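**Q** Here the protein sequences line up with chains W and H, keeping their order.
Heads up: the first sequence is residues 28 to 394, going by the working numbering.
Heads up: the second sequence is residues 28 to 394, going by the working numbering.
Idealized CB from N, CA, C, for every residue including glycine.
Computed from a prediction, not measured in an experiment: that's the story for all the values here.
I am attaching a structure below and will ask some questions about it afterwards.
Protein chains: 2
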Amino acid sequence: MSKIDYKQAGVDYSKIDPLKILAQQAAAATAGNLARHGLHEVAASRGESAYVVDCGEFYLASITECLGTKALVADATRALTGRTYYGQIAQDTIAMAINDIVTVGATPVSVHAYWAAGGSEWFHDAQRAKDLVDGWRAACDACGVAWGGGETPALAGVVANDRIDLAASCVGLVRPKSRLTLGDRLGPGDAIVLLASSGIHANGVSLARKLAERLPAGYGTKLPSGALFGEALLAPTVLYSPVTEALAAAGIVPHYCANITGHGWRKVMRHGNAFTYRFHTLPPVPEVLTFLARETGSDDRAAYGNLNMGAGFALFVAAADAERTAMVAERAGVRAFVAGVVEAGPKQVVLEPLRLTFGADDLHVRA
Amino acid sequence: MSKIDYKQAGVDYSKIDPLKILAQQAAAATAGNLARHGLHEVAASRGESAYVVDCGEFYLASITECLGTKALVADATRALTGRTYYGQIAQDTIAMAINDIVTVGATPVSVHAYWAAGGSEWFHDAQRAKDLVDGWRAACDACGVAWGGGETPALAGVVANDRIDLAASCVGLVRPKSRLTLGDRLGPGDAIVLLASSGIHANGVSLARKLAERLPAGYGTKLPSGALFGEALLAPTVLYSPVTEALAAAGIVPHYCANITGHGWRKVMRHGNAFTYRFHTLPPVPEVLTFLARETGSDDRAAYGNLNMGAGFALFVAAADAERTAMVAERAGVRAFVAGVVEAGPKQVVLEPLRLTFGADDLHVRA
């Protein structure tokens with residue numbers, strides 16, 4: 028089959044990014060407003076995965092994240108199997124927010140739901156609505172957060188007919204303040220512990236949808252294991268806050284964290300400084316990602332540069348804490364791999380087993 | 028012209044509400060999760076406009092709110108005048124979150140933007156993007172909040188082509204804790220001070236859009252003052268946090284607050300207890316609402332029951348504080364009216380100048 032790339036799949040980052048940079052600059056300029064309330068922002072959190080405000084005795088972290096287009100996969104797969112998959116979709120949406128806010132060292136406290144439907148009819152499908160509610164609640168329970176409320180608007184004309192735009196916002200506290208993880212302690216010699224993903228999570232979904240359109244059996248295509256392509260895509264995103272909370276309880280404060288989402292393994296080098304991230308070990312690749320990469324003609328560079336390829340979250344810890352970090356993660360129910368090291372050197376990600384290197388020019392996530 | 032009601036306008040609350048109730052019940056069941064972190068929820072905030080968690084030395088408040096369909100009015104009016112109106116739209120979106128979170132006594136601290144477009148092309152319109160960014164920043168500055176970050180996804184297939192789904196989340200602190208306003212102090216004898224609206228704000232927009240479809244000149248229809256219907260609808264929502272912060276600085280703690288949005292003046296009786304809210308004074312009605320009510324064949328019951336009709340926010344204060352509350356609001360730049368009183372009696376809103384009463388059966392906002 029011919030290759031599919033991200034532009035074909037409907038996401039053109041060169042068009043989004045100019046606005047994003049304008050917005051980042053304007054947002055940064057509002058920091059001074061906090062002085063009116065005796066507060067100040069933690070400037071190092073600008074460009075990180077969650078925003079952090081210094082409130083004196085504690086830090087306040089906040090984030091809003093959206094699911095993206097994964098609900099379209101659920102809708103299409105339901106047509107084949109009759110199951111709604113909105114329980115999984117709910118977990119995916121919460122994971123987008125939770126897995127970002129924990130990168131700064133925050134304990135997630137409360138979550139708000141944003142469920143914007145294309146019309147009131149969307150909410151009339153009782154099974155789908157129940158699955159969404161039950162899955163949302165279960166994910167909150169798994170993360171120890173309170174579901175504070177949310178919005179369920181019907182937005183005919185804005186949201187597409189019979190579709191839903193799902194997002195979650197999350198608030199967290201960094202207490203004690205020594206738990207703050209913004210990367211100032213990251214340095215050469217640190218170990219990189221990777222936490223396993225369950226599949227595609229919610230990034231690379233546009234590519235998967237494009238592939239489904241091309242496959243004769245679409246989402247009903249059987250993977251080698253017998254699983255349906257659609258169902259394999261819908262394995263819910265792993266929630267990493269049980270791991271970060273267990274690490275805090277064990278007295279391990281990571282030097283940095285990266286949630287591996289869009290830009291795949293290029294996200295490993297999101298820290299502002301120049302370091303070389305060298306991996307000697309790669310986690311097993313979930314079957315659905317091997318299939319997706321092969322069928323879209325993606326080479327290792329394209330696959331690891333855009334998909335998580337088995338690694339959903341990276342913890343950067345003192346070398347002496349590496350093995351214990353992996354053990355704590357495994358006890359919290361997530362497979363973990365002591366996979367690499369941070370070195371002095373140019374900003375790059377080196378995947379030794381694949382003889383593959385991503386340079387600094389491959390990632391632009393900051394203004 | 029024949030009447031237009033809300034069902035015709037695409038919002039069917041009877042279809043949304045069953046899911047909403049299911050979600051409210053599931054959300055309430057997650058409260059116990061906070062105990063893991065030594066926190067607990069303020070149960071009285073369930074069903075109020077923002078969620079409140081007791082963090083010991085302070086309360087943490089949070090909210091996510093969406094704009095609704097008002098951007099469609101901007102898009103259509105732009106086709107007539109060439110102006111984008113996304114600066115106003117930005118303020119509307121922030122107002123949805125800010126005006127809710129201040130009802131519980133919180134100082135808004137930070138805001139996240141959620142701008143989900145129907146495709147990357149949306150962000151390529153430089154003027155519109157700049158107006159959105161500039162308006163968002165200006166509204167943050169007006170409210171003294173930091174713009175912490177946000178999401179700008181391109182969601183082809185989920186969000187309608189060339190449209191944008193706009194939402195805002197907000198985090199606030201209630202410090203000192205005595206500022207918490209959840210209505211436990213509300214009682215007979217309290218005065219009701221109404222804060223002026225600027226126009227339709229962001230509720231009743233579906234009705235206005237339906238009307239525009241029917242008018243021969245659509246959004247280009249001239250109001251008696253000469254203003255275009257579309258432009259009048261796009262007067263940005265008043266931001267009320269400057270008033271609530273000024274009241275705190277003046278030592279006035281309201282007994283309760285209600286942001287008057289969907290359900291219009293019926294929202295005045297959103298407090299859980301039974302009281303009679305009697306109004307002797309009604310604020311002037313913005314021209315666009317007079318026009319909308321007349322042209323849609325809405326009588327006073329329909330108009331005041333669904334639109335703000337000049338009152339964007341209600342402050343319930345001790346009678347002795349009423350005049351000073353209005354003065355503080357006016358000094359903060361918002362017209363204010365000492366308009367009514369809270370009385371012992373059945374749950375109802377009585378508009379004496381109109382001989383109009385809304386009973387408890389007219390409002391269902393809680394599970």
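Note down, in chain order, every chain H residue with its Cβ under 7 angstroms from the Cβ of N60(W).
**A** Position 33 of the first sequence, counted from the start, is the residue given in the question as residue 60(W). Correct list: C167, D168, G171, V172, A173.
**Q** Show which residues of chain W have a CB atom less than 7 angstroms away from the CB atom of G176(H).
**A** As a first step, residue 176(H) must be located in the second sequence, where it is residue number 149. Those are A54, Y78, listed as they occur along chain W.
**Q** Output the distance between the C-alpha atoms of Y304(H) and A345(H), rounded to the nearest integer angstrom.
**A** Counting from one through the second sequence, the residue named residue 304(H) turns up at place 277. Counting from one through the second sequence, the residue named residue 345(H) turns up at place 318. Rounded to the nearest angstrom, the two C-alpha atoms are 14 angstroms apart.
**Q** What would DSSP say about N126(W), mapped onto helix, strand or coil?
**A** To locate residue 126(W), count along the first sequence from 1; it is residue 99. Helix at N126(W).
**Q** I'd like to know whether the C-beta atoms of I90(W) and A124(W) end up nearer to each other than 8 angstroms.
**A** Translated into the one-based positions of the first sequence, residue 90(W) becomes position 63. Translated into the one-based positions of the first sequence, residue 124(W) becomes position 97. Contact flag set, yes.
**Q** Distance check for I48(W) and R393(W), CA to CA, integer angstroms please.
**A** Numbered from 1 along the first sequence, position 366 holds the residue referred to as residue 393(W). Numbered from 1 along the first sequence, position 21 holds the residue referred to as residue 48(W). Here the model assigns R393(W) a pLDDT of 46, short of 50, so the residue's position is not dependable, and the following value carries that caveat. Cα-Cα distance, rounded: 8 angstroms.
**Q** What does the alpha-carbon distance come out to for the pair V80(W) and L87(W)?
**A** In the first sequence, counting from the first residue as 1, residue 80(W) sits at position 53. In the first sequence, counting from the first residue as 1, residue 87(W) sits at position 60. V80(W) and L87(W): Cα-Cα distance of roughly 5 angstroms.
**Q** Answer with buried or exposed for S224(W), where buried requires no fewer than 16 other C-beta atoms within 10 angstroms of its C-beta.
**A** For this step, residue 224(W) is matched to residue 197 along the first sequence. With 16 or more other Cβ atoms within 10 Å, it is buried.
**Q** As a quick exercise: from D326(W), S196(W), L309(W), V270(W), pick the residue whose alpha carbon is nearest that of R358(W).
**A** Translated into positions along the first sequence, residue 358(W) becomes position 331. Selected option, being the one with the closest Cα: V270(W).
**Q** Should A122(W) and Y112(W) be called a contact, given that it needs their Cβ atoms to be closer than 8 angstroms?
**A** On the first sequence, position 95 is the one that residue 122(W) refers to. On the first sequence, position 85 is the one that residue 112(W) refers to. Going by C-beta atoms, A122(W) is not nearer than 8 angstroms to Y112(W).
**Q** Under the three-state reduction of DSSP, which class applies to E258(W): helix, strand or coil?
**A** In the first sequence, the residue the question calls residue 258(W) occupies position 231. E258(W): helix per DSSP, three-state reduction.
**Q** When burial is assigned at 16 or more other CB atoms within 10 Å of the CB, is P251(H) buried or exposed?
**A** The residue given as residue 251(H) occupies position 224 in the second sequence. Answer is exposed; the Cβ neighbour count stays below 16.
**Q** Cα separation between G129(W) and I287(H)?
**A** Against the first sequence, residue 129(W) aligns to sequence position 102. Against the second sequence, residue 287(H) aligns to sequence position 260. According to the sequence shown, residue 129(W) is Val rather than Gly. Distance between the alpha carbons of V129(W) and I287(H): 36 angstroms.
**Q** Output the distance between the C-alpha atoms of M28(W) and L316(W), rounded to the nearest integer angstrom.
**A** Position 1 of the first sequence holds residue 28(W). Position 289 of the first sequence holds residue 316(W). In this predicted model, M28(W) has a pLDDT of only 43, less than 50, meaning its place in the structure is not dependable enough to derive any value.
**Q** Taking DSSP as the reference, what is the three-state secondary structure of E350(H)?
**A** Start at 1 with the first residue of the second sequence, and residue 350(H) comes out as number 323. Note: E350(H) maps to helix in three-state DSSP.
**Q** Kindly indicate if chain W contains any beta-carbon less than 8 angstroms away from that of A223(H).
**A** In the second sequence, residue 223(H) corresponds to position 196, counting from 1. Closer than 8 angstroms: no.
**Q** Within 8 angstroms (strictly less), CB to CB, does S268(W) reach chain H?
**A** Residue mapping note: residue 268(W) aligns to position 241 of the first sequence, counting from 1. It does not: the Cβ of S268(W) has no partner Cβ on chain H nearer than 8 angstroms.
**Q** Under three-state DSSP, which class holds R305(W)?
**A** Start at 1 with the first residue of the first sequence, and residue 305(W) comes out as number 278. Strand, per DSSP.
**Q** Can you list the residues of chain H that V160(W) reaches, using a CB-CB cut of under 8 angstroms?
**A** Stepping through the first sequence from its first residue, residue 160(W) is reached at position 133. Ordered by position in chain H, the residues that pass the 8 angstroms Cβ test against V160(W) are L46, L49, A50, A53.
**Q** Inspect the beta-carbon positions of T323(H) and F364(H) and report whether they are closer than 8 angstroms.
**A** Counting from one through the second sequence, the residue named residue 323(H) turns up at place 296. Counting from one through the second sequence, the residue named residue 364(H) turns up at place 337. Not a contact, by the Cβ cut-off of 8 angstroms.
**Q** To the nearest angstrom, how far is the alpha carbon of D158(H) from that of I116(H)?
**A** Translated into the one-based positions of the second sequence, residue 158(H) becomes position 131. Translated into the one-based positions of the second sequence, residue 116(H) becomes position 89. Cα to Cα, D158(H) sits roughly 9 angstroms from I116(H).
**Q** What three-state label does DSSP hand A394(W) in the structure shown?
**A** Within the first sequence, the letter at position 367 stands for residue 394(W). Only weak support is given to the placement of A394(W): the predicted model assigns it a pLDDT of 37, under 50, and the question is left unresolved by the model.
**Q** Buried or exposed: N335(W), going by 16 or more other Cβ atoms within 10 Å of its Cβ?
**A** Within the first sequence, residue 335(W) is the residue found at index 308, counting from 1. Flag for N335(W) reads buried.
**Q** Residue ranges of each beta strand (DSSP E) run of no fewer than 3 residues wholly in the region 212-242 of chain W, ordered along the chain?
**A** Fully enclosed beta strand (DSSP E) runs of 3 or longer: 218-223.
**Q** Here's a check: name, in chain order, each residue in its chain whose Cβ is nearer than 8 angstroms to the Cβ of T384(W), leaving out the five neighbours to either side.
**A** Taking the first residue of the first sequence as position 1, residue 384(W) is located at position 357. Only Q375, V376, V377, L378 meet the Cβ criterion.
**Q** Where Q52(W) and A71(H) are concerned, what is the direct C-alpha to C-alpha distance, given to the nearest angstrom?
**A** To locate residue 52(W), count along the first sequence from 1; it is residue 25. To locate residue 71(H), count along the second sequence from 1; it is residue 44. Their backbone Cα atoms lie some 39 angstroms apart in a straight line.
**Q** Pairing CB atoms from the region 128-142 of chain W with CB atoms from the region 59-71 of chain H, are three or more of them under 8 angstroms?
**A** The answer is yes - the region 59-71 of chain H touches the region 128-142 of chain W, with three or more Cβ pairs under 8 angstroms.
**Q** Output, in chain order, the set of chain W residues within a Cβ distance shorter than 7 angstroms of D211(H).
**A** In the second sequence, residue 211(H) corresponds to position 184, counting from 1. By Cβ distance, chain W contributes nothing, its closest Cβ being about 20 angstroms from D211(H), past 7 angstroms.
**Q** List the residues of chain H whose Cβ lies closer than 8 angstroms to the Cβ of C93(W), in chain order.
**A** Looking up residue 93(W) in the first sequence gives position 66. Neighbours of C93(W) on chain H, chain order: Y141, A143, E178, P180, L182.
**Q** So, does the CB of S137(H) fall closer than 8 angstroms to a CB anywhere in chain W?
**A** Position 110 of the second sequence, counted from the start, is the residue given in the question as residue 137(H). It does: the Cβ of S137(H) has a partner Cβ on chain W nearer than 8 angstroms.
**Q** Looking at C-alpha atoms only, which residue of E314(W), W174(W), I191(W) is the closest neighbour of D152(W)?
**A** Mapped onto the first sequence, residue 152(W) falls at position 125. Comparing Cα-Cα distances from D152(W) to each of E314(W), W174(W), I191(W), the minimum goes to I191(W).
**Q** Under 8 angstroms, Cβ to Cβ, is there at least one residue of chain H near L390(W)?
**A** Counting from 1 along the first sequence, the entry for residue 390(W) is found at position 363. L390(W) does not count as touching chain H.
**Q** Taking C-alpha atoms, which residue in L242(W), G175(W), G184(W), I227(W) lies nearest to A98(H)?
**A** Counting from 1 along the second sequence, the entry for residue 98(H) is found at position 71. Cα-wise, what sits closest to A98(H) is G184(W).
**Q** To the nearest angstrom, report how far apart E370(H) and G176(W) are at their CA atoms.
**A** As a first step, residue 370(H) must be located in the second sequence, where it is residue number 343. As a first step, residue 176(W) must be located in the first sequence, where it is residue number 149. So the two alpha carbons sit approximately 30 angstroms from each other.
**Q** Which residues of chain H have a Cβ atom closer than 9 angstroms to the Cβ of K294(W), listed in chain order?
**A** Reading the first sequence from its first residue, position 267 is the one you call residue 294(W). Per Cβ cutoff of 9 angstroms: no residues; K294(W) is ~16 angstroms from chain H at best.
**Q** Chain H partners of T96(W), CB-CB under 8 angstroms?
**A** Along the first sequence, one-based indexing puts residue 96(W) at 69. Those within 8 angstroms of T96(W) in chain H are L182, A183, G184, V185.
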